[in-house]
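In my numbering, the protein residues as written are 401 to 502.
Beta carbons are placed, not taken as given, at the ideal position from N, Cα and C, and that holds for glycine.
Working notes, beginning with the structure itself.
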């Protein structure tokens, strides 16, 4: 039994690391004062004060689309929102005082 627990822990860690390597970073984290999102180039980040607005809608395929419009003119499409409910996204950005364009 004493050797079984460490062996299982090593196997579990190996599976976890393999999953992390195989899965590209996707999605975003919306905090109280900033947003972090993942792109092909890695993690991007912005203060919520730097967001001019957020566009939320549906793609022709019916998936949710969310695009950040930054104050400097750049835009960033958030990955990983395709299955999210538009109303949930609107509510979360609205709670933080971000202008929403639907």
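So is residue i in contact with chain C if we call contact Cβ pairs under 9 Å?
i           : result
residue 487 : The question asks about chain C, but that chain is absent: this structure has only one protein chain.
Could you tell me which residues DSSP pairs with residue i in its beta bridges?
i           : result
residue 448 : Residue 448 is not bridged to any residue.
Give the secondary structure of residue i by DSSP, where H, G and I count as helix, E and B as strand, and everything else as coil.
i           : result
residue 416 : helix
residue 436 : strand
residue 427 : coil
residue 487 : helix
residue 411 : helix
residue 481 : coil
Would you mind giving the Cβ-Cβ distance between residue i and residue j, rounded to the nearest angstrom? I have them listed as a contact below 8 Å.
i           : j           : result
residue 464 : residue 489 : 7 Å
residue 426 : residue 479 : 5 Å
Under a Cβ-count criterion, where at least 16 other Cβ atoms within 10 Å of its own Cβ denotes burial, should residue i be classed as buried or exposed?
i           : result
residue 405 : exposed
residue 411 : exposed
For the segment 442–454 and the segment 486–499, state whether three or more C-beta atom pairs, one from each stretch, are separated by less than 8 Å.
yes
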